[in-house]
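First the structure, in the form of structure tokens, and then the observations on it.
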Amino acid sequence: MNSQLYTIPLAESNEQPISGTLFENVYRVLGQEPVAQRFFDGQLPQHEWIDFLEQQRARLVNAGIPAGDVDFAKRYPGSVEAFVQQTYQRPEFENLLALPENWQTECYDIAKSLTEMYEHQGTTYIYPEEGYLIYTLAKAFQAKRAIFLGSYYGYWAAWAMPAIEAAGGSAVLIDPDPQCCELAERNLSRLYPDATIEVACTTAQEYLANYDHEKNGKFDFTVLDAELPNDYPDEALRGKGLYFALLDAVLPHITDPSLMVCHNILLNDETGSNAMQSMVAQNQKELTPFLKLVGEKYQFFTEILSTEGMGVGLHKHTGKLP
Ligand SMILES: C[S@@+](CC[C@H](N)C(=O)[O-])C[C@H]1O[C@@H](n2cnc3c(N)ncnc32)[C@H](O)[C@@H]1O
Numbered sequence: 299m300n301s302q303l304y305t306i307p308l309a310e311s312n313e314q315p316i317s318g319t320l321f322e323n324v325y326r327v328l329g330q331e332p333v334a335q336r337f338f339d340g341q342l343p344q345h346e347w348i349d350f351l352e353q354q355r356a357r358l359v360n361a362g363i364p365a366g367d368v369d370f371a372k373r374y375p376g377s378v379e380a381f382v383q384q385t386y387q388r389p390e391f392e393n394l395l396a397l398p399e400n401w402q403t404e405c406y407d408i409a410k411s412l413t414e415m416y417e418h419q420g421t422t423y424i425y426p427e428e429g430y431l432i433y434t435l436a437k438a439f440q441a442k443r444a445i446f447l448g449s450y451y452g453y454w455a456a457w458a459m460p461a462i463e464a465a466g467g468s469a470v471l472i473d474p475d476p477q478c479c480e481l482a483e484r485n486l487s488r489l490y491p492d493a494t495i496e497v498a499c500t501t502a503q504e505y506l507a508n509y510d511h512e513k514n515g516k517f518d519f520t521v522l523d524a525e526l527p528n529d530y531p532d533e534a535l536r537g538k539g540l541y542f543a544l545l546d547a548v549l550p551h552i553t554d555p556s557l558m559v560c561h562n563i564l565l566n567d568e569t570g571s572n573a574m575q576s577m578v579a580q581n582q583k584e585l586t587p588f589l590k591l592v593g594e595k596y597q598f599f600t601e602i603l604s605t606e607g608m609g610v611g612l613h614k615h616t617g618k619l620p
């Protein structure tokens, strides 16, 4: 079995889903299957994994996995470590972002403590390879002042915080949902009792309109994961359409250079799934204004084909990276 995943308990038959990440729930159902073990060890071609998932669809749905999320599972990378290594070989990262020493052990330790200790309220749609990536990016960039826009239960922050804390930095988490904020505070204070973390229960636009960066510092690490319902009155802000407004609000408060990590940058898909294709079409539409602004302000912005899609961008800079 893949050593990165051993702390995830397997399900008894007919057991209902646990509160946790979606990945944990899928793994609990399929993790004991030899095909799945080969896939998570990086030994099974993606198309065989996709065929296997189709065969297992009814079993997953019966175990409480939403049908649409079976299609997301087709995008799992198999070996998380191979995925991270390949990401850092991208030409955009060359001479800018290098995998930090000891990243495997450090990521493994975070994954283990989150699996064992993190309190979710339902399901969290952030995947192991996405956690590994945000931690290593924060570490590689030596992020010291981070802002999480749409911080939800704080799970992204929980992955990045050990890197930020190691650099002597601080983080601000912003979400207008009070229940999410309460849970984020509880989780983060339990996991990182000595870290400097502010949880602000408001919209990102409101917070940033009143943010004094002379006093509190500019942000060198921005994470976007806010979204609004598909029936939100302002059509332009629905779903991930909100990203344009958030980027516009944070730009006056970021350092030069500054790194941005976004969730749900799902503009390409290689699984052949119809469900994923319609997701891609929706994302391309919702994200168009955001991507135009990114094109003007960022030196690069690259889509990473993680399970839910991530975007990593470097704000235009003139000097050297830290
Ligand atoms: C549902 S989460 C994203 C899901 C995430 N990928 C996960 O782990 O499942 C999106 C969050 O954006 C928040 N949000 C909505 N509008 C916002 C705004 N204007 N500023 C900051 N956060 C916002 C919501 O309250 C919600 O907690």
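Okay, so the sequence shown: first residue is 299 according to my numbering, each after it adds one.
Heads up, the beta-carbon is just placed ideally off N, CA and C, and yes, glycines get one too.
Note that the coordinates shown come from a computational prediction; the quantities given were computed from them, not determined experimentally.
Query, Result
"Residue-level contact to chain C via CB, A543, 7 Å cutoff", "Judged by its chain identifiers, the structure shown contains no chain C, having just a single protein chain."
"Neighbour-count burial assignment, S449, 16 or more Cβ in a 10 Å radius", "buried"
"T520 CB to nearest heavy atom of ligand 1 below 6 Å", "no"
"R484 to Q477 span [Cα, whole Å]", "11 Å"
"Range covered by the beta strand (DSSP E) that runs through P555", "552-561"
"Cα-Cα separation between A534 and M574, rounded to whole angstroms", "22 Å"
"Simplified DSSP assignment, three categories, for G408", "For the record, residue 408 in the displayed sequence is Ile; it is not Gly. The answer is helix: DSSP assigns I408 an H, G or I state."
"Cβ-heavy atom distance, T600 to ligand 1, below 6 Å", "no"
"Three-way DSSP call (helix, strand, coil) for L489 in this model", "helix"
"Backbone secondary structure at A498 - three-state DSSP", "strand"
"L351 and K372 closer than 7 Å at C-beta", "yes"
"Stretch-stretch touch, CB-based, cutoff 8 Å, three pairs: the segment 403-413 with the segment 438-452", "no"
"Within 7 Å, strictly: CB atoms of V548 and L564", "no"
"Closer than 6 Å: Y423 CB and nearest ligand 1 heavy atom", "yes"
"Rounded Cβ spacing between D518 and K442 (contact assumed at less than 8 Å)", "6 Å"
"Those residues which DSSP pairs with M608 across a bridge", "H561, I602"
"Closer than 6 Å: C478 CB and nearest ligand 1 heavy atom", "yes"
"Range of the contiguous beta strand (DSSP E) that encloses F519", "517-522"
"T501 beta carbon near ligand 1 (any heavy atom closer than 6 Å)", "yes"
"Terminal residues of the alpha helix (DSSP H) in which A334 lies", "332-338"
"E427 and F370 closer than 7 Å at C-beta", "no"
"A507 in three-state terms, based on DSSP", "helix"
"A465: CB within 6 Å of a non-hydrogen atom of ligand 1", "no"
"Residue of S576, F542, D554 minimising C-alpha distance to V592", "F542"
"Spatially closest choice to L612 from T605, H511, T600, by CA coordinates", "T600"
"Any 3 or more C-beta pairs closer than 8 Å across the segment 457-475 and the segment 385-396", "no"
"Cβ contact check for the segment 500-515 and the segment 467-481: 3 or more pairs under 8 Å", "yes"
"Boundaries (first-last residue) of the beta strand (DSSP E) holding L526", "L526 -> no beta strand (DSSP E), and no H or E assigned at all."
"Beta-carbon proximity check, H561 vs H511, cutoff 7 Å", "no"
"For T553 and F436, the rounded distance between their alpha carbons", "A quick correction: the sequence has Ala, not Phe, at residue 436. Taking the straight line joining both Cα atoms gives about 15 Å."
"Presumed contact (8 Å Cβ cut-off) between F338 and S377, rounded CB distance", "7 Å"
"Contact set for K538: own chain, Cβ-Cβ below 7 Å, skip 5 residues either direction", "E525, N562, N581, E584, L585"
"Backbone secondary structure at S449 - three-state DSSP", "coil"
"Q597 versus A365 - alpha carbon distance", "38 Å"
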